[in-house]
Amino acid sequence: MVFGCLVRAAYSDAKHNYLIHYLLAVAVVLSIPMLFGVNDLDAKAAAQPLELMMPFTGIILMTPVFMPEQDENIRDTVRAKKMSYELVCLMRLLMAAAVMLALTGTFVLFMKYCGSDVSFRHFCGAAVSAAAVGSIGFFTAAVSDNTIVGYMAAVIYYVMNFLLKSRLGMFYVFSMSSGSFSEKKWLLLIAVLLSAAGLIGRRYRTNMM
Amino acid sequence: MLFLKECKKVIFSLTFWIYCLIVVLDFTSQYYPDCRKAASPPYDGYKLSEDHGRIMEGAVKSLAEGYLANRYICYPLGFYKAVKLNEKERGQIEECLEELTGLSAAEISALDESAEKYGVYDGLHEYTGYTIESIPLSDTLTYERFTELMGKVDDTLGGGSDFKPDDLVFHFSKETLTKEEALKEYADFTDKDRITGALARLFSDYAGITLGILPVFVAAALTAADRKRRMTELVYSRRISSFRLIFTRFAALTVTMFVPVLLTMAAALIQAVRIYGGSNISYAAMFTVPSFWLIPNIMEAAAAGMLLTELISGGAAILVQFVLWFIPLLKDSGMLWGNISRFTLICRHNSLFYREQFITHMGAFVFSRIFYILISLILVLLTVLVYELKRGGRFNGVRLFGESGILRRKA
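Here the protein sequences line up with chains A and B, keeping their order.
Under the working numbering, residues 1166 to 1374 are what the first sequence spells out, in order.
Under the working numbering, residues -17 to 393 are what the second sequence spells out, in order.
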């Protein structure tokens, strides 16, 4: 029963609230071959388009998880429902992660087809970078109750990676392009912690309102 | 007073404080380290000679080398892209080369034998690279026709190549500065720029990057705040005209977001006085140049944020401004000075020297600043129009999907 409700809610969410985000994420991935070379790249060069572009899918898909309830009229309706709001948010987050993984996987396979030296490591690295940047947006949107602040934090973090580069240490999301993979485990940890903290923070905020 | 109320709304928003934090961080992490020591003459600097003969010779030679290898390195977004052409496209390049050099197709192909060959390993494959010692230029070739053909070559390569007409000067007329030229650059810095003129350009270069994007978040949050707090209907029903309300909001956004920038300008001036002393520097330059340089950036991002948030959503506003900001920034990342055109949104001059280059582009710089001020005002007028339509109940914002979406309508 609960599962059936969840599936219906997921379908409705995807259709009414997130289809445009999914399409936008697909557009980002489709634009990569126009902006970067993807043919015959070695392992280091192949990481560059993946690490630079995939974080955009994270920002587009993970940051707006709480967006529908930005409208207080919708929030009032959601509050009156029996189904747990956090469960719905978790399901949205999982759907965002699934789309992100599918897009990353498809693009890595496409690069393989184009003769680039990509492996499962590239898939993991790119997906973790996307999740890390996305989780910054997700967490900030959750605690500030403002999706725009979420986008702002995620974009600032992304740009900081450009400016400060490896000075960011374990927070550096483009590390694979410079030949290092060790940052990815920390980024994965950050993504998981921030996602969990975002959901918990949201629960507190919702109860306070 | 409405203006002060709107300023208060901006100041008490979280996005504004994040904006302030980033402006200060940008100043301390980017500008400050570059300027904390007194500058010395740029002995390792370079200049752009803009010698047409040199540019044509260099570009045609580079094109012929790429043609022989059928491998052209492009940087469409500032990042590496190796382009390999098919037979038809290769034929187009060959036609251009024939006109550029006056050689026949057979003579161009014969260059393969005389050129020096070397192996290039890109990590996966080995390619043959070519170095041509010299290549003739057609006697009838004019510089205008040359740039036209280079434009055609750049289009065939998909853009972002060294042959883009606007970038030819930068790629093919670079020369190392002589010691005398380096000393002259330093003399310009101390005498003509009176130090702060040059510091102001560097300050504006760094601050312009931040101010090209951050104001959109503050503007989008302010514009969306009414809807979020269920105040829309209340504001709609007030007597105030949409024109006055929107322009007051825009003015409040521009003024409040300029204040932290003004404070960092004052900090930069204090730092300049400490390093160079107060007698030889121009105090006004540290405020006039950055204000004229940066206010159009704040205005454009704020206006775009207001219009698109009112028209579609805050997310759409951020996306559009991000694309407008990020792509040119990456594309021009190799040319940090001497590259200002009439429609450049983020003007760059990442050096304390090369004053002459900046003065050469002064017309384009002034044009671009006035152009973006006018564009901002047009965007704000459009916001007034959209707001007025929404206020009258004739429009409810563009929705792509959902009940009133333009892509799907329920019966």
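Yeah, the Cβ is synthetic: ideal placement off N, Cα and C, and Gly gets one too.
So which residues of chain B does residue i contact, with C-beta pairs closer than 7 Å?
i: A/A1311; result: Per the sequence shown, the amino acid found at residue 1311 of chain A is Asn instead of Ala. Result: L(-4), A203.
i: A/A1292; result: Correct list: empty, because the minimum Cβ distance to chain B is about 20 Å.
If we define contact as Cβ-Cβ less than 8 Å, is residue i a contact residue for chain B?
i: A/L1333; result: no
i: A/I1321; result: yes
i: A/E1251; result: no
i: A/A1295; result: no
i: A/M1260; result: no
i: A/P1233; result: no
i: A/P1220; result: no
i: A/A1210; result: yes
i: A/V1338; result: no
i: A/D1178; result: no
i: A/E1216; result: no
i: A/E1237; result: yes
What residues are listed by DSSP as bridge partners for residue i?
i: B/R55; result: With the sequence shown as reference, residue 55 of chain B is identified as Ile, and Arg is not the correct amino acid for it. Per DSSP, B/A64.
i: B/L402; result: As displayed, chain B neither begins before -17 nor continues past 393, which places residue 402 of chain B out of reach and without an answer.
i: B/E98; result: B/T113
Taking the C-alpha atoms as reference points, what is the distance between residue i and residue j?
i: B/R373; j: B/S155; result: 57 Å
i: A/V1264; j: A/Y1187; result: 7 Å
i: B/Y336; j: B/K174; result: 12 Å
i: A/L1200; j: B/G60; result: 9 Å
i: B/Y354; j: A/Y1278; result: 44 Å
i: A/T1269; j: A/P1198; result: 14 Å
i: A/A1262; j: B/M239; result: 36 Å
i: B/F308; j: B/I328; result: 10 Å
i: A/R1257; j: A/V1193; result: 20 Å
i: B/T214; j: B/T205; result: 10 Å
i: B/F171; j: B/I177; result: 5 Å
i: A/R1368; j: B/L193; result: 35 Å
i: A/F1327; j: B/A299; result: 22 Å
i: B/K392; j: B/A286; result: Because the pLDDT at B/K392 is just 40, under 50, the model does not fix this residue reliably, and the value given afterwards should be weighed accordingly. So the two alpha carbons sit approximately 31 Å from each other.
i: B/M344; j: B/R330; result: 12 Å
i: B/F(-6); j: B/V200; result: 11 Å
i: B/E317; j: B/Y57; result: It is Met, not Glu, that sits at residue 317 of chain B in the sequence shown. Taking the straight line from one Cα to the other gives about 12 Å.
i: A/C1170; j: B/R212; result: 29 Å
i: B/G133; j: A/V1172; result: 54 Å
i: B/R324; j: B/T342; result: 12 Å
i: A/V1356; j: B/T124; result: The sequence as given places Ala at residue 1356 of chain A; Val does not occur at that position. So the two alpha carbons sit approximately 58 Å from each other.
i: A/L1206; j: A/A1362; result: 38 Å
i: B/E39; j: B/Y258; result: 44 Å
Chain A partners of residue i, CB-CB under 8 Å?
i: B/L59; result: L1200, F1201
i: B/I445; result: With chain B covering -17 to 393 only, the question about residue 445 of chain B has no answer from this structure.
Are any of the Cβ atoms in chain A nearer than 8 Å to that of residue i?
i: B/A249; result: no
i: B/G40; result: no
i: B/R212; result: yes
i: B/G297; result: yes
i: B/F199; result: yes
i: B/I228; result: no
i: B/A206; result: yes
i: B/A64; result: yes
i: B/I300; result: yes
i: B/R53; result: no
i: B/D373; result: The sequence given here has Arg at residue 373 of chain B, not Asp. No, B/R373 lies away from the interface with chain A (no Cβ there is under 8 Å from its Cβ).
i: B/R36; result: no
Run down chain A in chain order and give the residues with a C-beta less than 9 Å from the C-beta of residue i.
i: B/G48; result: Chain A residues near B/G48: none, gap ~14 Å exceeds 9 Å.
Do residue i and residue j have their C-beta atoms within less than 8 Å of each other?
i: A/G1299; j: A/A1318; result: no
i: A/G1290; j: A/K1246; result: no
i: B/Y208; j: B/V198; result: In the sequence as presented, Tyr is not what sits at residue 208 of chain B; that position holds Asp. No, the pair does not count as a contact, with Cβ atoms beyond the cut-off.
i: B/I395; j: B/A41; result: In the structure as shown, chain B begins at -17 and stops at 393. Residue 395 of chain B is therefore absent and cannot be evaluated.
i: B/I114; j: B/A97; result: yes
i: B/V5; j: B/P310; result: no
i: B/K326; j: B/S350; result: Per the sequence shown, the amino acid found at residue 326 of chain B is Thr instead of Lys. In this structure, B/S350 lies closer than 8 Å to B/T326 by Cβ.
i: B/E282; j: B/S358; result: yes
i: B/E47; j: B/T230; result: no
i: A/G1344; j: A/K1209; result: yes
i: B/L334; j: B/A180; result: yes
i: A/I1225; j: A/P1233; result: no
Using the beta-carbon of each residue, which ones in chain A are nearer than 7 Å to residue i?
i: B/A346; result: Result: empty, since nearest Cβ-Cβ is about 26 Å, beyond 7 Å.
i: B/I4; result: I1321
i: B/F304; result: V1320
i: B/R324; result: The contacting residues do not exist; B/R324 stays about 25 Å from chain A at best.
i: B/R72; result: The contacting residues do not exist; B/R72 stays about 16 Å from chain A at best.
i: B/R231; result: What B/R231 touches in chain A: nothing, since even the nearest Cβ is about 16 Å away.
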